[in-house]
Structures are given as structure tokens and as C-alpha cells.
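Step one of this worksheet: look at the structure below.
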Amino acid sequence: IARTAGEILEEVSGKYSLIKIDEDFNIQVEDGGTFYPISRYSGGEIDMIAVSVRVAISEYLMRFGPDGSSYSFLILDEVFGSQDQEHREKMIQMLRSLEERFPQIIAISHISDVQGQFDNTFLVAEDEVGNSRVEALS
Numbered sequence: 062i063a064r065t066a067g068e069i070l071e072e073v074s075g076k077y078s079l080i081k082i083d084e085d086f087n088i089q090v091e092d093g094g095t096f097y098p099i100s101r102y103s104g105g106e107i108d109m110i111a112v113s114v115r116v117a118i119s120e121y122l123m124r125f126g127p128d129g130s131s132y133s134f135l136i137l138d139e140v141f142g143s144q145d146q147e148h149r150e151k152m153i154q155m156l157r158s159l160e161e162r163f164p165q166i167i168a169i170s171h172i173s174d175v176q177g178q179f180d181n182t183f184l185v186a187e188d189e190v191g192n193s194r195v196e197a198l199s
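To get the working numbering, take the position in the sequence shown, counting from 1, and add 61.
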């Protein structure tokens with residue numbers, strides 16, 4: 062899981078590539094030859110680390126499904142919020158690169174420049190009486 066998460070993190074961050082996860086699930090990321098706890102990193106970096114680990118765990122768990130990856134999907138809620146434009150674009154590219162492993166990726170975002178970056182975009186809005194409605198945008 063740590064190796065896969067490191068590969069994903071390098072793709073998204075362009076900087077970090079080594080992650081250690083101990084028996085208590087504490088995560089450390091290598092920077093300049095030294096491993097540091099994630100509390101050392103910025104909010105945006107922590108989000109990139111978290112997404113990388115989540116995707117790696119999801120890939121690992123897919124191995125135990127009845128048909129391997131045939132039931133593979135990924136749901137990510139508000140993972141773009143603390144990313145600057147450059148890292149948002151890298152995160153979108155990384156998610157697109159996962160399409161073969163995860164045929165169905167659901168990314169929830171309130172950031173307008175993320176909306177529409179995927180093949181299918183849906184708007185979920187609340188009407189005046191509090192009911193949710195779904196509208197296909199693309």
C-alpha cells in the first residue's frame with residue numbers, strides 16, 4: 062500500500078515519492094532523505110497524501126473481491142478544496158490515469174473549475190422545499 066501510495070503521490074505532487082505506514086497506521090512522507098509525520102506538511106499536501114493512500118488502499122482491497130477489479134469504483138468527496146490550480150490539475154490527471162483500474166470514479170466537488178473536467182458531470186441542487194434534484198450537465 063505504501064509503495065503504491067508513494068507512486069500516486071509522486072504523480073500528483075511532483076515532489077514526494079516515499080511513504081511509510083507503521084503498524085498503527087501512522088503515515089510518514091520522505092522529504093530530503095528524512096521521513097516526517099504528515100502533520101509537518103501543508104493542508105494541500107496532506108490532502109494529496111490522503112488521496113494517494115485512499116486510492117492505494119482501494120486498489121489493495123479490490124484484490125479480495127469475487128472477480129478482482131470487476132466491482133471497482135472509487136468515490137472521493139471534496140478532495141480538491143485545498144489544492145492550488147496546478148495541483149488540482151495534477152489531481153484530475155491522476156484520477157484520469159486510474160480509469161482502467163477504476164472504471165467508475167465519482168468525484169464530488171463544489172469548485173467550479175473542477176466541474177466539467179470529467180466525462181460525465183452532474184449537478185445536485187436543493188430545491189425550495191429542501192428536496193435534492195439531479196441534473197446531467199455533460
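Beta carbons are placed, not taken as given, at the ideal position from N, Cα and C, and that holds for glycine. From a predicted model like this one, the values you see are computed outputs, not experimental measurements.
Beta-carbon gap between residue i and residue j smaller than 8 Å
{"i": "residue 70", "j": "residue 123", "result": "no"}
{"i": "residue 193", "j": "residue 177", "result": "no"}
{"i": "residue 134", "j": "residue 163", "result": "yes"}
{"i": "residue 105", "j": "residue 171", "result": "no"}
Nearest to residue i (by Cα), restricted to the options the options
{"i": "residue 142", "options": "175, 79, 68", "result": "175"}
{"i": "residue 87", "options": "146, 149, 111", "result": "111"}
{"i": "residue 94", "options": "190, 167, 152, 78", "result": "78"}
{"i": "residue 118", "options": "157, 68, 149", "result": "68"}
{"i": "residue 173", "options": "106, 146, 85", "result": "146"}
{"i": "residue 73", "options": "99, 157, 97, 152", "result": "152"}
{"i": "residue 165", "options": "186, 83, 136, 182", "result": "136"}
{"i": "residue 179", "options": "187, 191, 157", "result": "157"}
{"i": "residue 155", "options": "116, 191, 182", "result": "116"}
{"i": "residue 205", "options": "107, 167, 91", "result": "As shown, the chain starts at 62 and ends at 199. That puts residue 205 outside it, with no answer to give."}
8 Å contact criterion, which residue i and residue j should meet: CB distance rounded
{"i": "residue 63", "j": "residue 81", "result": "6 Å"}
{"i": "residue 66", "j": "residue 114", "result": "5 Å"}
Buried versus exposed call for residue i [16 or more other C-beta atoms within 10 Å across all chains shown]
{"i": "residue 144", "result": "buried"}
{"i": "residue 169", "result": "exposed"}
{"i": "residue 160", "result": "exposed"}
{"i": "residue 189", "result": "exposed"}
{"i": "residue 184", "result": "exposed"}
{"i": "residue 31", "result": "The question about residue 31 has no answer here: the residues shown for the chain are numbered 62 through 199."}
{"i": "residue 196", "result": "exposed"}
{"i": "residue 84", "result": "exposed"}
{"i": "residue 187", "result": "exposed"}
Any non-hydrogen atom of the ligand ZN closer than 7 Å to residue i Cβ
{"i": "residue 99", "result": "Among the components modelled here there is no ligand, and therefore nothing to report on the ligand ZN."}
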